[in-house]
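Enquirer:
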Amino acid sequence: MEKLGPFVRAAAPACAVLLIFVACLATLAGYSFRPRLGMAQMGSGFTLESYAAFFRDPFNLAYLWRSLWIATYTTAVVLVLGYVVAYHMTVCGPRMRLIITIILLVQFFTSYVIRTYAIVLALGRYGIVNNGLIALGVISVPAKLLFTEFAVAAGLVLVAVPFMVFPVYGSIAGISPNLRAAAGSLGATPAAVFREIVLPLSLPGVAAGVVIVYLFNLTAFITPSLLGGGHVDMIANLIFDRAMNTQDYPFASAAAMVSLLLTLIIVYLLQSGFRRTIRGAER
269 MEKLGPFVRA AAPACAVLLI FVACLATLAG YSFRPRLGMA QMGSGFTLES YAAFFRDPFN
329 LAYLWRSLWI ATYTTAVVLV LGYVVAYHMT VCGPRMRLII TIILLVQFFT SYVIRTYAIV
389 LALGRYGIVN NGLIALGVIS VPAKLLFTEF AVAAGLVLVA VPFMVFPVYG SIAGISPNLR
449 AAAGSLGATP AAVFREIVLP LSLPGVAAGV VIVYLFNLTA FITPSLLGGG HVDMIANLIF
509 DRAMNTQDYP FASAAAMVSL LLTLIIVYLL QSGFRRTIRG AER
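Just so we're aligned, residue 269 is where the sequence shown starts under the working numbering, counting upward by one.
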């Protein structure tokens, strides 16, 4: 019983949170099947009209595909940047590793809105990016960077990098130095050591980072709102607009359920793909 004590104490609040989540999800699912009678009004019947309306309107599908597309290529960029940073952290000195860690951790202690607004200032007409490009002679007049897909993608990449670095760093740091030393003593080049040892053994961290970053970017709301300015909205912006502005709760709930189902499918596909890749690398 003494051994079960800590588990029971930890399970109680976890179960409470799980019940609240399930209750909210059930309410959301229930709203999605109810008919809309007017603004902020729903009937008591059962209908699939909200789902039909979502898939019938090409603009709604455009929000969905844009979200998938932006999340896909921003995750790829974050993977490359995050892997480079994580690998450098494993080979650099302790002081540099500490500096990089502090820089990454600062993001977690800074408000998401503040971080995004800082990017707004940097990409503004007279921000540091435009001023730098003008000073270098690349452009002669300020370029329009804000309220574009580039701005949204840049914001998502900058904010999501730490979520990729730490899982990948954990995997690479866990690789025994003896493996690299043994490979080097057998004549393997640094490139071969990375390709045959480091990369395969770091795949679990890569898998975790990719799933986290992809879902983070797919469901982004603040970044496209501030950096897109209403011109590069994603699926979360559509859900917010229908729920808060038009108060079409059934449609907003249906869109949220579609997004949730799509998210679960993507997570399953990513995990299945990485699982097969990791098994192949272990062979």
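Every residue gets a Cβ at the ideal spot worked out from N, C-alpha and C, and that includes glycine.
Which same chain residues, not among the five before or five after Ala339, have their C-beta less than 6 Å away from its C-beta?
Expert: Along the sequence shown, one-based indexing puts residue 339 at 71. Closer than 6 Å at Cβ, skipping near neighbours: Tyr482, Asn485 and Leu486.
Enquirer: By the three-class DSSP mapping on this structure, what secondary structure does Gly392 have?
Expert: Counting from one through the sequence shown, the residue named residue 392 turns up at place 124. In the structure shown, Gly392 sits in coil (DSSP, three-state: anything other than H, G, I, E or B).
Enquirer: Output yes or no for whether 7 Å exceeds the beta carbon distance between Leu349 and Val429.
Expert: In the sequence shown, residue 349 corresponds to position 81, counting from 1. In the sequence shown, residue 429 corresponds to position 161, counting from 1. Yes. Within cutoff.
Enquirer: Do you know whose CA, among Met512, Ala419, Ser335 and Phe327, lies nearest Ile534's CA?
Expert: Here residue 534 is taken as the residue at index 266 of the sequence shown, counted from 1. When each option's Cα is compared against that of Ile534, the closest is Ser335.
Enquirer: Where DSSP assigns a beta bridge to Arg463, which residues make up the other side?
Expert: As a first step, residue 463 must be located in the sequence shown, where it is residue number 195. Partner(s): none; Arg463 has no beta bridge.
Enquirer: Could you tell me the boundaries of the alpha helix (DSSP H) in which Arg304 lies?
Expert: For the purposes of this step, residue 304 is taken as the residue at position 36 of the sequence shown. Counting along the chain, Arg304 falls outside any alpha helix (DSSP H), though it belongs to the beta strand (DSSP E) covering Arg304 to Gly306.
Enquirer: Using the beta-carbon count (16 or more within 10 Å), is Thr384 buried or exposed?
Expert: Locating residue 384 in the sequence shown gives position 116, where the first residue counts as 1. Per the 10 Å Cβ criterion, buried.
Enquirer: Quick one, are the C-beta atoms of Ala521 and Leu296 less than 7 Å apart?
Expert: Locating residue 521 in the sequence shown gives position 253, counting from the first residue. Locating residue 296 in the sequence shown gives position 28, counting from the first residue. A small fix is needed here, since residue 521 is Ser in this sequence, not Ala. A contact, by the Cβ cut-off of 7 Å.
Enquirer: Which value, in whole angstroms, describes the spacing of the CA atoms of Ala344 and Ala451?
Expert: Position 76 of the sequence shown, counted from the first residue, corresponds to residue 344. Position 183 of the sequence shown, counted from the first residue, corresponds to residue 451. Roughly 29 Å between the two C-alpha positions.
Enquirer: Taking C-alpha atoms, which residue in Phe418, Cys360 and Val406 lies nearest to Val388?
Expert: For the purposes of this step, residue 388 is taken as the residue at position 120 of the sequence shown. Among Phe418, Cys360 and Val406, the Cα nearest to that of Val388 is on Phe418.
Enquirer: Cα separation between Pro472 and Phe431?
Expert: For this step, residue 472 is matched to residue 204 along the sequence shown. For this step, residue 431 is matched to residue 163 along the sequence shown. In a straight line, the C-alpha of Pro472 is about 14 Å away from that of Phe431.
Enquirer: Check Gln515 in the structure and name its three-state DSSP category.
Expert: For the purposes of this step, residue 515 is taken as the residue at position 247 of the sequence shown. Coil at Gln515, not helix or strand.
Enquirer: So for Met432, helix, strand or coil by DSSP?
Expert: Here residue 432 refers to the residue found at position 164 of the sequence shown. Three-state DSSP puts Met432 in a helix.
Enquirer: Helix, strand or coil for Met525, going by three-state DSSP, please let me know.
Expert: Along the sequence shown, one-based indexing puts residue 525 at 257. Here Met525 sits in helix by DSSP.
Enquirer: For the ligand HEM, is there a heavy atom less than 6 Å away from the beta-carbon of Thr487?
Expert: Absence of the ligand HEM from the depicted structure is noted, as is the absence of any ligand whatsoever, leaving it without description.
Enquirer: Can you look up Met502 in the DSSP assignment and give me helix, strand or coil?
Expert: Here residue 502 refers to the residue found at position 234 of the sequence shown. Reduced to three states, the DSSP call for Met502 is coil.
Enquirer: Work out the CA separation of Ser379 and Val397 for me, nearest whole Å.
Expert: Here residue 397 corresponds to residue number 129 of the sequence shown, with the count starting at 1. Here residue 379 corresponds to residue number 111 of the sequence shown, with the count starting at 1. So the two alpha carbons sit approximately 22 Å from each other.
Enquirer: Might you give, ordered along the chain, the residues of its own chain that have their beta carbon closer than 6 Å to the beta carbon of Leu401, omitting 5 neighbours on each side?
Expert: For the purposes of this step, residue 401 is taken as the residue at position 133 of the sequence shown. Closer than 6 Å at Cβ, skipping near neighbours: Ile407.
Enquirer: Let's test the definition: count the other Cβ atoms within 10 Å of the Cβ of Met269 and tell me whether it reaches 16, buried, or not, exposed.
Expert: Locating residue 269 in the sequence shown gives position 1, counting from the first residue. Any reading at Met269 must be qualified, since the residue scores a pLDDT of 47, below 50, and its modelled position is unreliable; the value itself is stated next. Result: exposed.
Enquirer: Straight-line CA distance for Gly491 to His499?
Expert: Working through the sequence shown from its first residue, we reach residue 491 at position 223. Working through the sequence shown from its first residue, we reach residue 499 at position 231. The question names Gly, yet the displayed sequence has Thr at residue 491. Thr491 and His499: Cα-Cα distance of roughly 12 Å.
Enquirer: For Leu424, which of Leu347, Leu293 and Asn328 has the nearest alpha-carbon?
Expert: Within the sequence shown, numbered from 1, the residue matching residue 424 stands at position 156. Comparing Cα-Cα distances from Leu424 to each of Leu347, Leu293 and Asn328, the minimum goes to Leu347.
Enquirer: Looking at Met357: is its Cβ nearer than 7 Å to the Cβ of Tyr437?
Expert: To locate residue 357, count along the sequence shown from 1; it is residue 89. To locate residue 437, count along the sequence shown from 1; it is residue 169. Contact: yes.
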